[in-house]
Amino acid sequence: MDAVAGSPVTPGYEVDDDPARIDVDAAYAFLSTEAYWGRWRTREDFADQVRTSWRVVGAYDSTGAMVGFARAWSDGAASAYLADVYVDAGHRGHGLGAAIVHKMIEDGPGREFRWLLHTSDAHGLYEKFGFGPSTAMERPAGPSRPPIS
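If you count the sequence shown from 1, you need to add 357 to reach this note's numbering.
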């Protein structure tokens with residue numbers, strides 16, 4: 358079995374969904390400098406996003422330092438959005454990305470939900486969890502639009 362099927366990650370690491378363990382500063386440090394999708398947020402914006410998330414998952418090394426993260430928001434009944442998934446570069450290759458996504462999607466209250474994710478990379482990882490092309494319509498963020506008449 359591999360991490361996608363729910364087996365443990367490389368010894369010395371653990372993944373859990375305890376919100377009290379999330380290190381907002383560590384996650385923000387990564388997302389604000391290393392992630393193409395997260396550089397626009399302030400630390401306060403990100404802290405609010407974490408605080409109001411439906412669910413958060415962290416990956417931790419043997420010292421207890423958080424080395425990976427994901428968050429989601431949901432209506433709690435049918436659908437959820439996966440966001441801010443990352444693993445620090447020095448800790449990749451240990452099954453942490455798959456373990457984080459597994460914990461979030463397969464090992465929690467959203468197992469039967471419809472999940473949405475916007476990403477430009479790691480498609481192979483997300484495909485293992487059933488993500489694929491979609492026909493959904495999207496209204497991208499941007500400047501105010503004129504009122505509809």
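Glycine included, every Cβ here is placed at the ideal spot set by N, Cα and C.
Next on the checklist: I'd like to know whether the C-beta atoms of H451 and V372 end up nearer to each other than 8 Å.
Outcome noted: The residue labelled residue 451 in the question sits at position 94 within the sequence shown. The residue labelled residue 372 in the question sits at position 15 within the sequence shown. Cβ distance not < 8 Å, so H451 and V372 don't count as in contact.
Checklist entry - So is D359 buried or exposed if we call it buried at 16+ other beta carbons inside 10 Å? => result Indexing the sequence shown from 1 puts residue 359 at position 2. Residue placement at D359 is poorly supported in this model, since its pLDDT is 42, which falls under 50; the coordinates still yield a value, given next. With fewer than 16 other Cβ atoms within 10 Å, it is exposed.
Checklist entry - Using CA coordinates, which residue listed in E495, V444, V442 and I462 is at the minimum distance from S436? => result Along the sequence shown, read from residue 1 onward, the residue named residue 436 stands at position 79. Distances from the alpha-carbon of S436 to those of E495, V444, V442 and I462 put I462 closest.
Next on the checklist: Would K460 and V414 qualify as a contact pair, given that the criterion is a beta-carbon distance under 8 Å?
Outcome noted: Working through the sequence shown from its first residue, we reach residue 460 at position 103. Working through the sequence shown from its first residue, we reach residue 414 at position 57. In this structure, K460 places its C-beta atom within 8 Å of the C-beta atom of V414.
Next on the checklist: Is there a C-beta anywhere in chain B that falls below 8 Å from the one on D432?
Outcome noted: This model lacks chain B altogether, as it is built from one protein chain only.
Checklist entry - On the three-state DSSP scale, how would you describe Y370? => result In the sequence shown, residue 370 corresponds to position 13, counting from 1. The answer is coil: DSSP assigns Y370 none of H, G, I, E or B.
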